[in-house]
Structures are given as structure tokens and as C-alpha cells.
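Below is one structure, written out as C-alpha cells; the observations come after it.
Number of protein chains: 2
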Amino acid sequence: MSELRYDPIKHRWAIIAPERKMRPDELLVPQPEAPPPADADGCPFEYGQEHRTAPEILVIPRAQPAGSGPNWQVRVVPNRFPVLRVEGEVAREGLGFYDRVSGVGAHEVIVESPDHDRDTAALSQDEVVSVLVACRSRLQDLRRDPRLRYTLLFKNRGREAGATYSHPHWQLISTPIIPSVVVQELKVAREHYGRKERCIFCDLIRLELRLGVRVALETDRFIAISPFASAFPFETWILPRTHCHDLAVASDDDLTGLALILGDLLRRLRALLSDPPYNLVLHTAPSPHPRPGQPEYWSTIEHDFHWHLELVPRITRFAGFEWGSGYTINPTPPEEAARFLHDADPEQDAAAG
Amino acid sequence: MSELRYDPIKHRWAIIAPERKMRPDELLVPQPEAPPPADADGCPFEYGQEHRTAPEILVIPRAQPAGSGPNWQVRVVPNRFPVLRVEGEVAREGLGFYDRVSGVGAHEVIVESPDHDRDTAALSQDEVVSVLVACRSRLQDLRRDPRLRYTLLFKNRGREAGATYSHPHWQLISTPIIPSVVVQELKVAREHYGRKERCIFCDLIRLELRLGVRVALETDRFIAISPFASAFPFETWILPRTHCHDLAVASDDDLTGLALILGDLLRRLRALLSDPPYNLVLHTAPSPHPRPGQPEYWSTIEHDFHWHLELVPRITRFAGFEWGSGYTINPTPPEEAARFLHDADPEQDAAAG
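Read top to bottom, the protein sequences are chains A and B.
Per this note's numbering, the first sequence starts with residue 1, numbered consecutively.
Per this note's numbering, the second sequence starts with residue 1, numbered consecutively.
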């Protein structure tokens, strides 16, 4: 079984997940240029291959099913090689110098559409809405499990971004501790609110709208900005303009608006960067199960936190300097990235361009 | 000019380095599978190509120069596309919500040998010692510059690990602030020493030697361990067994001992993992120029910090979950990695195996 381990010097968690290693020789002789073995028998997420995954956790049906075509639009299935498992109690154990937590959690795959070849950029707005509805529904459901402290929703697109399957999909991993990146954000937001009674993300939106130079896209409900200290070229954050702490409570109209700006952004990136590999990460409120003795994360969270989506194209590499320093090196000033995105033609297909 | 930018929500620095982008279209149409453009005219670090780099900062001559062969063993040259530049004053500027620091620093390349095709694993112990002597010398020299707070020495090997050139080389980047990963380590070490009057790394070495299960290699001067919360498969830390805070003050005998265990470790990894891409990062004391008002880092550093080398093979990917959570997922338990390394045959060449 997996376990979460804490490093007493780095103050960093690692998930030791030996079940992910299918065969030792797969790990021992990596062939980075070869197609991933998971795809060797064809794609298990395609229409017609539904029997190859475990039973569905959730299905969003097609609005108008075609006669003989797929009757589903989005499928959520358990990950075949889960990092964490749903069964069991969460044991938190000290081993002298070290700490570990049993690897209880959830690991699911959200298949975006029956079509292997159309990434999010090529989906219709309604199709993207279906994906977001599935994400919101899974968030709501996993919140009920008192063992799980956070659900991280993310998407890896392209081999360079860590995707094992090329079929467009999101993933979610629910963990029995709140990830350190999220803890840091929650802490900053809470402190800012405590001092100023204002949401730090709302402050960011107001400032960036006033300055204008890092605003890539703007709709009536959302804003897409190139953050001041962008870690990667064309890193982009999408934030709802009206304060809301949690995607789980976002309205249908919010999801429709998010689908619009996300699709637009991805099409512009496709045109500019020739269908780049990317990661998308949702930042949202943790599960409402306060850690005993630490109720403070939840006392003002509706006011202090602000959900958002972070996109990082994976054009530059995370190498020795980045790992050793915690800094990133970004050759593209965010002001330039925002201007490129703003001026891009979202309909110019990379293949044709 | 480059600048360091601080994110007020993530509390994370990014180096915005537009000079790294040679031409916009190189960034805009990345071709990850193509050979890096830097190598298009052949390798500038090979014997006979010395005129293609800027003048040398340091040369370690060959012990016994061959009649017509190279007369140098190690060359240190400025990076052609430096992330930070040596010229100028360090300006620290607040921009309301945001902070920035001018991109003053050093960025150098340490060419390990005249031979393009022999990585560190294939070098003799004496040749590796020459590389380490060059590293120590550059550390000592850069310590004299009061603008520079830390010098990070690292090596990227292989494209997957971020190497642009395949010719074996280390790099160093000196920065006007101490990197956050280093700050965290210094803080933990100082607190541990403050409470216990013991070095936390010495404690780690004693514990791991007693337990044994995560000790990969052991010599009279050094220990190589697979850390308890290894972030990556076969992550390995090499630590001197006798307490020492800084590679800049390590003795020649220390460097000879380090060359021995490093070469052995890299040959075992080559045999086990088929010449894997990897990053090597030196963790050592910061420059002795305390930040005004913060003398505490330096008050006990000779006692509380312990230099070491961290190696991470890059077999798994840093994807959306890792970026969004700050956790890593590692399929290989460190106890297994240590056993594999311990039992490996360092002389079994990957090519032959």
C-alpha cells in the first residue's frame, strides 16, 4: 500500500506509491522516446472501449445521442494504477525522526469526451461545460468523506507535461492532508483577510484590471492574467471576477462562463505555441473537515479564499537549478505573454498556421 | 536585463530572463524532439572548439598533457545566455503589491573534460577530482562578491533533465537572494542546533547507519543514502561523514573521497537504469554576507549546516499534481532503491548490459 512520507529536513511530503510500478523492468529501463505502454493495446478511454475501465463513478450523457454513436459525453472512472486507495483508515504515525500517513485517498480519471483526438481546445463550449459539471460533481461528492482533506483536480496534456494517455482527460487525487502549495495559499489569503477584510485575489484582479498590461483575456464573468512572477512562459491564471471561494458551489452560469474563457485561452495557446504540452490545476477550498485543533482554515474561508484555474504550458524544463533553488527561470516576461495571448487569433489552427 | 520577481500569493521567486530567448520563434514553436539548436554547429565545449566560448574564468590543466592533445582538463566559462549578469548594482524595489530585484549574479559553465562522450560515470577518479577542485575554487572566488548571497552548483544530464548541451558539464548560478529551498534547509538546521546543539544532518547519518536499510553506499569518508521521503525513484544524497558546513572549505582529501563515491554511484545508476537523465545539486553554506538585520543565518552555521550533494534521476515526470500540490509521487520505495544500488555491479556498462 502507498504511504505519504514527510522529510524532516526539507519539510516536504512524498507519496511513495509502489503499486504504480507495473513491472520493475519498466522502471529500470525507461525509454522516454517510446510510446507509453499504457497505450500499447489502443486507448481504453475511447468510444467502444468502455469495458476496459473499471465501472464508472459518474457519467454525463450526451445531450442528443446519435443513433449508433456514443451515448455518453463524459465518463469518470477510477485510475487503473491509483496513487492512493479509497479503502482503509487514515493512520498517522511517527517513526522517531520521520513521519508517515497511510495512503488513503481517491484517484480518478475524468474522460473529457468519447473522441480520442479532440483536446479541450477543439471541444464545443457545451462539451467543456459537461467536463466542468463532472468536476464539480466529483468535488461535491468527495467532500462528504471525512478522511479526505483536499481534492486536487488537474490535467496533464502531452508527454512533456506528464500525460500517460493522449486521450483528453482530467484527473483528481484526494489526499488525507492538505497539499503544501495549497496550505501556503490558504495561509496567505487568511492573513490578508485578517488584516484588511479583503480577499487577496479580489485585490489582485482589481490591480491587474487597472494596470491592464498582464490581462490576457476578459469576459463578463472571468479574467485571464499572466501573473507578475510567472514561473513558466505563458503561465495563465483564470479567476472568476465575482468573489467565490469554491468551485463546488459555483453556479451553472459560472461553469458556462469558465468553459468559454478556457476554450478561448486554449485555442489561442494552440495557435501561438503549436499545440503545446500543458498542465492545468484547479485551486479551490479544502474539504470542510477541519483538522482537530486547527479550525482557523475554515473560519473565514468563504470570505478569504477565491477559487481559480492555473495553466502552465510546459515549454521550459524543470531542471537542477529549479529543483535545488525553488526558483523557476522564465524567458518570457508576463507582459509580453499577455499581449501575445490578447492579440492571437483563436481560430487559427496550429496545424494550418 | 533579467529580474527576480516575487509572487505575493505563492511566496515564490521567478527569474524573468528575456535574454535567454534567442529568437521569439524559437520559443513560440518548440520542437521538443529536435536536437537543441545550441548543438547545431557542433559542440562548443569540445577540444578544438575553445575559441567558440568566451574567455575562460578558470582552467585546470592536464596532469600530463599529450603531445598534440588537449592541454586542459577542466574549463570554466561564462554561460553564453546568462540567466543573471555580473554587471551592475543590486536594486531591490517594491511595486505596491509586488517586489522585484535586479538580475545581478553569475552564470558559469564548468566543462568536465575535453571529451564530448564521456559523462562523469566514465571519468577516472582523478578527472572527477579536477572537476570538484574547479567547483570549490569558483565557490571560494564568488564568495568575495558582497552582492551575491548564494552560489548554486548543479548539473543537468540528458534532455529529460534539462540539459541543452550533451557535453558533460556542471553549471553555477549565483543569486542576490538565498534560494527558498536553501533558506528552508538553513532554518531547519539552525532550529535543530538551537534546541539540541547537534547538526541535524549528523543525526540523520547516525540514524541511517544504525538502521542500514536506506544506506546505498558507504566509504570511510562519505555515505550515500536513499532518503526516507525520496521525491524521485533512486534519489540519493551523498554526505561527508565528518561534519563540515561548506564545500568551499573541504580538503583535497575530501574531494578525492567525494570523487570516489560519486563515480561509483553514477556507474551503478548507469548499470541499473540504462544511463538515466539526472540532476545533481550541491547544498552548501551561503556566502558570508549576512542580510542586514538577519545575522542569525551565520551565527552558528559552521556547527548547524552540513554540505551534501543531492542526485535525482529524472525517470518520473513533474506534472500537474506535483506542481499544484508540492508533493511528488515516487513509485520506488527508498529501501528498495538502496538495496538495488548496493547490489549493483558498477562495472556493468549499460550499453553492454
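Even for Gly, the Cβ is constructed at its ideal location relative to N, Cα and C.
All of these numbers come straight from a predicted model, not from anything done at the bench.
Could one say the Cβ of residue i lies closer than 8 Å to chain A's Cβ atoms, at least one of them?
i: Ala161(B); result: yes
i: Thr219(B); result: no
i: Phe318(B); result: yes
i: Asn71(B); result: no
i: Asp345(B); result: no
i: Ile238(B); result: no
i: Leu207(B); result: yes
i: Tyr6(B); result: yes
i: Asn156(B); result: yes
i: Lys196(B); result: no
Go ahead and pull the three-state DSSP assignment for residue i.
i: Asp343(B); result: helix
i: Ala56(B); result: Per the sequence presented here, residue 56(B) reads as Glu, with Ala not at that position. The answer is coil: DSSP assigns Glu56(B) none of H, G, I, E or B.
i: Asp246(A); result: coil
i: Arg301(A); result: One detail in the question is off: residue 301(A) reads as Ile in this sequence, not Arg. Ile301(A) falls in the helix class under three-state DSSP.
i: Ala17(B); result: coil
i: Ile9(A); result: coil
i: Asp99(B); result: strand
i: Phe201(A); result: helix
i: Ile178(A); result: coil
i: Glu108(B); result: strand
i: His289(B); result: coil
i: Phe321(A); result: helix
i: Glu235(B); result: coil
i: Arg85(B); result: strand
i: Gly42(A); result: coil
i: Gln171(B); result: strand
i: Pro334(B); result: helix
i: Gln73(A); result: strand
i: His192(A); result: helix
i: Thr151(A); result: strand
i: His308(A); result: strand
Report the residue from the options whose alpha carbon sits nearest the alpha carbon of residue i.
i: Ser99(A); options: Gly105(A), Glu46(A), Arg12(A) and Asp145(A); result: Residue identity check: residue 99(A) is Asp in the sequence provided, not Ser. The shortest Cα separation from Asp99(A) among Gly105(A), Glu46(A), Arg12(A) and Asp145(A) belongs to Arg12(A).
i: Thr175(B); options: Arg118(A), Gln348(A) and Phe321(A); result: Phe321(A)
i: Pro240(A); options: His192(A), Thr332(A) and His306(A); result: His306(A)
i: Gly326(B); options: Pro179(A), Gln49(A), Glu160(A) and Ile225(A); result: Pro179(A)
i: Pro373(A); options: Tyr150(A), Asp304(A), Glu87(A) and Gly263(A); result: Any answer about residue 373(A) is impossible in this case: the structure gives chain A only from 1 up to 353.
i: Asp117(B); options: Glu46(B), Arg92(B) and Ala106(B); result: Glu46(B)
i: Glu208(A); options: Leu95(B), Phe340(B) and Glu56(B); result: Leu95(B)
i: Cys244(B); options: Phe222(B), Gly263(B), Ala229(B) and Leu260(B); result: Phe222(B)
i: Phe340(B); options: Ile301(B), Gly324(B), Gln140(B) and Arg270(B); result: Arg270(B)
i: Ser230(A); options: Arg144(B), Met1(B) and Ile15(B); result: Ile15(B)
i: Val76(A); options: Val90(A), Val83(A), Ala54(A) and Asp345(A); result: Ala54(A)
i: Arg363(B); options: Gly69(B), Leu58(B), Pro78(B) and Ala63(B); result: Nothing can be reported for residue 363(B), as the shown portion of chain B is limited to 1 through 353.
Verify the CB distance criterion: does residue i have a CB-CB separation below 8 Å to chain B?
i: Tyr193(A); result: no
i: Val281(A); result: yes
i: Asp115(A); result: no
i: Val111(A); result: no
i: Arg23(A); result: Its pLDDT being 42, under 50, Arg23(A) is placed unreliably in this model, and the value from its coordinates should be taken loosely. No, because no Cβ of chain B sits closer than 8 Å to the Cβ of Arg23(A).
i: Asn330(A); result: yes
i: Phe228(A); result: yes
i: Glu108(A); result: no
i: Gln348(A); result: no
i: Ser325(A); result: yes
i: Val312(A); result: yes
i: Tyr165(A); result: no
i: His245(A); result: no
Sorted by chain position, which residues of the same chain lie with C-beta nearer than 8 Å to residue i's C-beta, five sequence neighbours on each side aside?
i: Pro61(A); result: Asn71, Trp72 and Gln73
i: Pro331(B); result: Pro233 and Thr316
i: Ala248(A); result: Arg136, Leu139, Gln140, Arg143, Thr284 and Ala285
Under 6 Å Cβ to Cβ from residue i, same chain only, skipping five residues before and after it: list those, please.
i: Thr256(A); result: Val129
i: Phe234(B); result: Pro313 and Ala337
i: Gly158(A); result: Pro277
i: Lys155(B); result: Trp170 and Leu280
i: Met22(A); result: Unreliable positioning characterises Met22(A) in this predicted model, as indicated by a pLDDT of 45, which lies under 50. The coordinate reading is nonetheless provided below. Taken in chain order, the list of residues that qualify is empty.
i: Ala161(B); result: Pro277, Tyr278, Asn279 and Arg314
i: Ala17(A); result: Ser2 and Val83
Which whole-angstrom value is the C-beta distance of residue i and residue j, which I expect to be below 8 Å?
i: Leu265(B); j: Leu217(B); result: 6 Å
i: Leu172(A); j: Leu148(A); result: No, Leu172(A) and Leu148(A) are not in contact; Cβ-Cβ is about 11 Å, not under 8 Å.
i: Pro376(A); j: Pro168(A); result: Nothing about residue 376(A) can be read from this structure; chain A reaches only from 1 to 353.
i: Thr300(A); j: Tyr165(A); result: Not really, about 40 Å apart at Cβ, beyond 8 Å.
Excluding sequence positions up to five away, which residues of its chain have a Cβ less than 7 Å from the Cβ of residue i?
i: Ala366(B); result: Given that chain B is displayed from residue 1 to residue 353, the structure contains no residue 366(B) and the question cannot be resolved.
i: Glu127(B); result: Gln73 and Ser113
Taking 8 Å as the threshold (beta carbon to beta carbon), is residue i in contact with chain D?
i: Tyr47(A); result: No chain D appears in the structure shown, which is made up of the protein chains A and B.
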